[in-house]
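Residues 11 to 563 in full-length UniProt numbering are what the sequence shown lists, from first letter to last. Even glycine gets a Cβ: it sits at the ideal position worked out from N, Cα and C.
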Amino acid sequence: APAPESRPFEADVAKLLHMMVHSVYSDRDVFLRELISNAADACEKLRFEAISEPALLGDDPKPRIVITADKEAGRLVVEDNGVGMSREEMLEALGTIARSGTKAFMERIEAAQSKEGAQLIGQFGVGFYSAFMVADRVDVVSRRAGSDEAALWSSDGKGAFTIAEADPAQAPARGTRVTLHLMEDAKSYAERWTLERIVKAQSGHVPVPISLVEKPGEEAKEIADGAALWTRPKSEITKDEYVDFYRSAAGQFDDPALTIHYRAEGRHEYTALAFVPSTQPFDLFDPDRRGRMKLYVRRVFITDDAELLPRWLRFVRGLVDSSDLPLNVSREMIQQSPVLAAIRKGLTNRVIADVEKLAQNEPEAFTKVWEAFGGVIKEGLYEDFERQEQLLKLARFRTTAGDGWRSLADYVGAMKENQTAIYYLAGGNLDQLKASPHLEGFLARGVEVLLLTDPVDSFWVTTAQGFEGKPFKSISQGAADLAAIAKADAAEAPTAETSEEVTGLIAFAKETLGDAVSDVRASDRLTESAVCLVAADHGLDRQLEKILAASGQ
Ligand code: ADP
Ligand code: MG
């Protein structure tokens, strides 16, 4: 066989590995979750490929993950009979940073101190490379399903790896074997009880059975049965089981704010298990706005790209298991399927309904959800016209009426006599908005103004129909029409003065500014400031103008 070929890691991988090796991160156990989750993914990929090519399963159709501890040799082996990797796939997967989570981690780490960086490992879960937290050498032997050849990848995590042909007789018949040569201070990861404890705590609900071999050559003992958690009745599942499942299936490290588990019967039968996280996932504002709900058909994983929820619910993690779709449905067909459209609608309704319930029954918990995801949910206000009213009810806002969150119902309930519109001011941040001269006349009259700081705000307010018959009106735009609203304190509230001096000043300003402005007028919106810029009545709001200008439009 040709000699092993040595290759340098991509620069980012080298950096990441350096972190791993020198990590002071205390919860090193997470490396095992990463390896097990890769093994389970590989088994699920194989199950999917075997739908159209059953021969791939050969005479070994049952997926499995086997962990072998070798205390004497100081080694730990994680082996699966999944889809495996060809030599080229290995080069691609184990030499570069492909996954976006790891990329996001790297970006954060650039900014952070090394100690904070260590904390970040726990929050992101950095995939395969985390093996180097506990091992000073890692060997990966793999054979792609259906192939006669096998390849061996090996590295000490110090800047380079080797790749070579592997003796097929020594390689798994199918799938991947990852061997960790444990560091001196990590030898406990070759102990049965340590492994059993970690697997049960972290990976007890991966959908592939996991067994443990205490010593090479001994019999395997099953430590996790691979039963799909979502098929069990809700009443028999504990909160901890849900949390474990959420963490291992969604790659999150927090506790879910909401757990939604139900079985739909009738025209379409499916089970949904979905979670609203309590913290923002790293990819929430990725430009592709991809959702992370997985689609299963009768417990076979099909795709995580089925758009089971609208984009503005992309923070929801979990899965749908359908009983109606055919197993051999292609990923492309799935997008067009009316069954899927029905599931999507049902699931969307359910998620919103449960969030509404949370708002009603546990306002504090709901506020946390809104703080993390309100900016995303509001995208639905202009993307999903049908749901606008429902989402406006759910939405919470910062306003001039104190520091808390206010609903539009709160706002409308506090409207002044003769007030006809819901006023808002959009801008980059709250402090800036609170200092705006545009607010003066409104504050003087005690008229509440919504303070909108999310980028999406400038978009939805312009298309929104209003709330309970009250239109949204930008206070940085058009005439302020405050005259009809009674002044809180007559001495302080301004009026649009039209004395001779003011008329003269207006004429002067018009002449001096020329084409730079379309109009100059007296206004009752100011109390302290002499002048302010406003947008035209039917033009773009000032903040929207700025956003569009910044994006080059
Ligand atoms: P992720 O799992 O998020 O893609 P990882 O760093 O954990 O990122 O793994 C990188 C890639 O390596 C995987 O996407 C997969 O292609 C490949 N890989 C890792 N472990 C296995 C395995 N046991 N079987 C097949 N492929 C694997
Ligand atoms: Mg992984």
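So, at 6 Å on beta carbons, what are the nonlocal neighbours of A174 in its own chain, with the 5 sequence-adjacent residues on each side left out? Walking along the sequence shown from the start, residue 174 turns up at place 164. Contacts found: P14, L162.
What are the complete alpha helix (DSSP H) segments, minimum 4 residues, inside the stretch 130 to 217? As far as the stretch 130 to 217 is concerned, its whole alpha helix (DSSP H) runs of at least 4 residues are 202 to 213.
Neighbour-count burial assignment, V541, 16 or more Cβ in a 10 Å radius: Your numbering for residue 541 matches position 531 in the sequence shown. Per the 10 Å Cβ criterion, exposed.
With 16 other CB atoms within 10 Å as the buried threshold, where does S468 fall? In the sequence shown, counting from the first residue as 1, residue 468 sits at position 458. Buried, by the Cβ-count rule.
Indicate the three-state DSSP secondary structure (helix, strand or coil) for F325 in the structure shown. By one-based count along the sequence shown, residue 325 stands at place 315. In this structure, F325 counts as coil in the three-state DSSP scheme.
Measuring only from the beta carbon, is G276 closer than 7 Å to any heavy atom that is part of ligand 4? Of the ligands one can find in the structure shown, namely ligand 1 and ligand 2, none is ligand 4.
Closest residue to L56 among R43, D70, L45, E555 (Cα-Cα distance): Within the sequence shown, residue 56 is the residue found at index 46, counting from 1. Among R43, D70, L45, E555, the Cα nearest to that of L56 is on D70.
What is the DSSP secondary structure of A500, counted as helix, strand or coil? Counting from one through the sequence shown, the residue named residue 500 turns up at place 490. Since pLDDT at A500 reaches only 49, below the 50 mark, its modelled position is unreliable, and no value is offered.
Is any heavy atom in ligand 2 found nearer than 7 Å to the beta carbon of S486? As a first step, residue 486 must be located in the sequence shown, where it is residue number 476. Incorrect: S486 has no Cβ contact closer than 7 Å to ligand 2.
Work out the CA separation of G384 and Y280 for me, nearest whole Å. Residue 280 sits at position 270 when you count from the first residue of the sequence shown. Residue 384 sits at position 374 when you count from the first residue of the sequence shown. Y280 and G384: Cα-Cα distance of roughly 28 Å.
Give me the Cβ distance between D195 and D166, rounded to the nearest whole Å; I'm assuming they're in contact under 8 Å. Within the sequence shown, numbered from 1, the residue matching residue 195 stands at position 185. Within the sequence shown, numbered from 1, the residue matching residue 166 stands at position 156. The beta carbons of D195 and D166 sit about 16 Å from each other, so the pair does not count as a contact at 8 Å.
Which class does P287 belong to by DSSP, given the choice of helix, strand or coil? Translated into positions along the sequence shown, residue 287 becomes position 277. Three-state DSSP puts P287 in coil, outside helix and strand.
Tell me whether G92, by its Cβ, gets closer than 7 Å to a heavy atom of ligand 1. Reading the sequence shown from its first residue, position 82 is the one you call residue 92. Relative to the non-hydrogen atoms of ligand 1, the Cβ of G92 comes within a distance shorter than 7 Å of at least one.
Distance check for W415 and A500, CA to CA, integer angstroms please. For the purposes of this step, residue 500 is taken as the residue at position 490 of the sequence shown. For the purposes of this step, residue 415 is taken as the residue at position 405 of the sequence shown. With a pLDDT of 49 at A500, under the threshold of 50, the modelled position of this residue cannot be trusted; read the value that follows with caution. One C-alpha to the other measures close to 29 Å.
Go to D464, then tell me how far its alpha helix (DSSP H) extends in each direction, as first and last residue. What you label residue 464 is simply residue 454 of the sequence shown in a count that begins at 1. Note, D464: premise wrong, no alpha helix (DSSP H); not H, not E.
Restricting to Cα atoms, I'd like to know which of L435, I353, P291 is closest to A382. Translated into the one-based positions of the sequence shown, residue 382 becomes position 372. Distances from the CA of A382 to each of L435, I353, P291 were compared; the closest alpha carbon is that of P291.
By DSSP's criteria, K483 is part of a beta bridge. Which residues make up the other side? Counting from 1 along the sequence shown, the entry for residue 483 is found at position 473. Answer is Y433.
Top-ranked residue by Cα proximity to R74, from T172, F58, D235: Mapped onto the sequence shown, residue 74 falls at position 64. Taking only the C-alpha atoms, the option nearest R74 is D235.
With hydrogens ignored, establish whether the beta-carbon of F41 is closer than 7 Å to any heavy atom of ligand 1. Position 31 of the sequence shown, counted from the first residue, corresponds to residue 41. Checking every heavy atom of ligand 1 against the Cβ of F41, none is found closer than 7 Å.
Would L435 and I495 qualify as a contact pair, given that the criterion is a beta-carbon distance under 8 Å? Locating residue 435 in the sequence shown gives position 425, where the first residue counts as 1. Locating residue 495 in the sequence shown gives position 485, where the first residue counts as 1. Using a Cβ distance threshold of 8 Å, L435 and I495 do not count as a contacting pair.
The beta strand (DSSP E) enclosing V422, as first and last residue numbers: For the purposes of this step, residue 422 is identified with residue 412 of the sequence shown, where counting begins at 1. Per DSSP, V422 lies in no beta strand (DSSP E) segment; the continuous alpha helix (DSSP H) that holds it begins and ends at 418 to 423.
Please state whether the Cβ-Cβ distance between D90 and G185 is less than 8 Å. As a position in the sequence shown, residue 90 is number 80, starting the count at 1. As a position in the sequence shown, residue 185 is number 175, starting the count at 1. Contact: yes.
Taking the alpha helix (DSSP H) that P373 belongs to, which residues open and close that run? Mapped onto the sequence shown, residue 373 falls at position 363. Unbroken alpha helix (DSSP H) run through P373: 373 to 387.
If we ignore side chains and look at the alpha-carbon of each, how far apart do S288 and A363 end up? Stepping through the sequence shown from its first residue, residue 288 is reached at position 278. Stepping through the sequence shown from its first residue, residue 363 is reached at position 353. When rounded, the distance between both Cα atoms is 18 Å.
Report yes or no: do three or more beta-carbon pairs, one from the stretch 253 to 265 and one from the stretch 222 to 233, lie closer than 8 Å? By the Cβ criterion, the stretch 253 to 265 is not in contact with the stretch 222 to 233, since fewer than three pairs of Cβ atoms, one from each stretch, lie closer than 8 Å.
Any heavy atom of ligand 2 within a distance shorter than 7 Å of the CB on E44? Along the sequence shown, one-based indexing puts residue 44 at 34. The answer is yes for E44.
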